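> First residue of the sequence shown? That's 439 in the numbering used here, and the numbers climb one at a time after it.
We put the beta carbon where it would ideally sit given N, CA and C, even for glycine.
The model shown is predicted, which means the values in this text are computed figures rather than measured ones.
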Amino acid sequence: MLILGRRPPRRFSSADSEPVSARRRAARKRSSLQSRGIAGKPFLFRLLDQLADAGLDRVVLCAGHRADDVAATVGTAYRSLRVEYSEEKAPLGTGGALRFALPLLRADPVLAMNGDSFCEVDFLSFRAAHAASGASATLVVREVEDPSRSGRVEFGEDGRIRRFVEKAPGNGRGWINAGVYLLGRAMLESIPERRAVSLEREIFPAWVGRGLCAFPTEGKFLDIGTPESYVAAQSFFP
439 MLILGRRPPR
449 RFSSADSEPV
459 SARRRAARKR
469 SSLQSRGIAG
479 KPFLFRLLDQ
489 LADAGLDRVV
499 LCAGHRADDV
509 AATVGTAYRS
519 LRVEYSEEKA
529 PLGTGGALRF
539 ALPLLRADPV
549 LAMNGDSFCE
559 VDFLSFRAAH
569 AASGASATLV
579 VREVEDPSRS
589 GRVEFGEDGR
599 IRRFVEKAPG
609 NGRGWINAGV
619 YLLGRAMLES
629 IPERRAVSLE
639 REIFPAWVGR
649 GLCAFPTEGK
659 FLDIGTPESY
669 VAAQSFFP
């Protein structure tokens with residue numbers, strides 16, 4: 439299990455090119471939202487609670503901004519979870535972070551989650567659907583009233599993803615990427631090393647037609663990627 443967006447005791451470090459300053463500012467903003475409390479508890483703990491409740495026993499946190507703060511707060515264990523860290527010296531994006539953490543990821547497929555969203559998922563059904571489909575990777579998707587901010591995921595009755603439509607306005611309800619994935623080893627090894635890579639904008643579109651599937655869910659969904667959604671999130675958890 440891996441969560442994208444954090445940081446460190448078992449330390450790796452990346453030797454990477456200098457990131458663009460705008461990327462640094464965006465990373466700092468997301469990290470600030472992720473580390474702040476949601477209804478009295480850090481958002482990261484909400485994700486870890488979800489995994490512990492599902493019976494998982496190990497998680498790797500991909501390192502980002504304020505790594506030492508996260509490690510000091512979480513430590514090497516949280517409830518039933520053994521916690522390990524993959525530390526990036528420079529932002530590598532969601533795809534680059536996965537590729538950098540690959541030496542720590544022993545499972546195939548790897549369960550991965552974004553660190554700035556929460557989605558209720560039946561993990562057993564998710565795993566079974568992925569195995570039955572023979573997919574290279576499976577994305578949890580959630581239908582929302584307005585998918586324009588996130589972009590649409592279009593898929594057929596067989597669950598095969600046909601295309602991603604980036605942040606197109608209008609057109610009513612639609613399915614979005616909910617930030618929970620089962621990723622096969624072949625996909626992970628295809629991610630370029632030692633540079634920033636977006637899983638959502640580069641890797642997933644490149645794998646359309648190569649066994650990329652959707653797993654629809656009606657579970658509760660929350661994105662804290664903006665200050666506005668962070669405020670709304672305060673009433674999301676009981």
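In the DSSP output, which residue or residues are listed as bridge partners for F593?
Beta-bridge pairing links F593 to I599.
> In three-state terms, what does DSSP make of P529?
In the structure shown, P529 sits in coil (DSSP, three-state: anything other than H, G, I, E or B).
> Quick one: Cα of Y619 to Cα of R648, how far?
The straight-line gap from Cα to Cα measures roughly 16 Å.
> Counting pairs of Cβ atoms below 8 Å between the segment 526 to 537 and the segment 623 to 635, do you hit three or more?
Judged by Cβ distances under 8 Å, the segment 526 to 537 makes contact with the segment 623 to 635, as three or more pairs qualify.
> Between which two residues does the beta strand (DSSP E) containing R580 stretch?
Counting along the chain, the beta strand (DSSP E) containing R580 begins and ends at A575 to V582.
> Taking just the CA atoms, how far does Q672 sit from P617?
Correcting the residue type first, residue 617 is Gly in the shown sequence and not Pro. The straight-line gap from Cα to Cα measures roughly 20 Å.
> At a cut of 8 Å, does the segment 499 to 513 reach the segment 571 to 583 through at least three beta carbon pairs?
The segment 499 to 513, when compared against the segment 571 to 583, does not touch it at the 8 Å Cβ threshold.
> Between the Cα of L660 and those of N615, C651, F674 and P585, spot the shortest distance and give me the residue it belongs to.
The shortest Cα separation from L660 among N615, C651, F674 and P585 belongs to F674.
> Note down, in chain order, each residue of its chain lying with its Cβ closer than 6 Å to the Cβ of R658, except the 5 sequence neighbours on either side.
Sequence inspection shows Lys at residue 658; the Arg mentioned does not correspond to that position. Excluding positions up to five away in sequence, the list reads E558.
> Could you give the distance in angstroms between the alpha-carbon of I441 and the alpha-carbon of S667?
One C-alpha to the other measures close to 20 Å.
> Quick one, which of S628, I629 and P654 has its alpha-carbon nearest G612's?
The candidate whose alpha carbon is nearest that of G612 is P654.
> With DSSP as the reference, please indicate the residues paired to M551 in a beta bridge.
For M551, which the question treats as bridged, DSSP gives the partners I441 and V618.
> From which residue to which residue does the beta strand (DSSP E) around A501 run?
Run containing A501: R496 to A501, per the beta strand (DSSP E) assignment.
> Alpha carbon to alpha carbon, how far is E522 from L494?
When rounded, the distance between both Cα atoms is 14 Å.
> Nearest-angstrom Cα distance between L536 and L485?
Near 18 Å, if we compare the C-alpha coordinates of L485 and L536.
> Which residue wins for smallest C-alpha separation from N615, given the options A566, V591 and C500?
Selected option, being the one with the closest Cα: V591.
> Starting from the C-beta of V646, find all residues in its chain whose C-beta is less than 8 Å away, skip the five residues before and the five after it, and write them out in chain order.
I599, R600, R601 and F602.
> Check whether the Cβ atoms of I662 and S555 lie closer than 9 Å to each other.
Yes, the Cβ-Cβ distance between I662 and S555 is below 9 Å.
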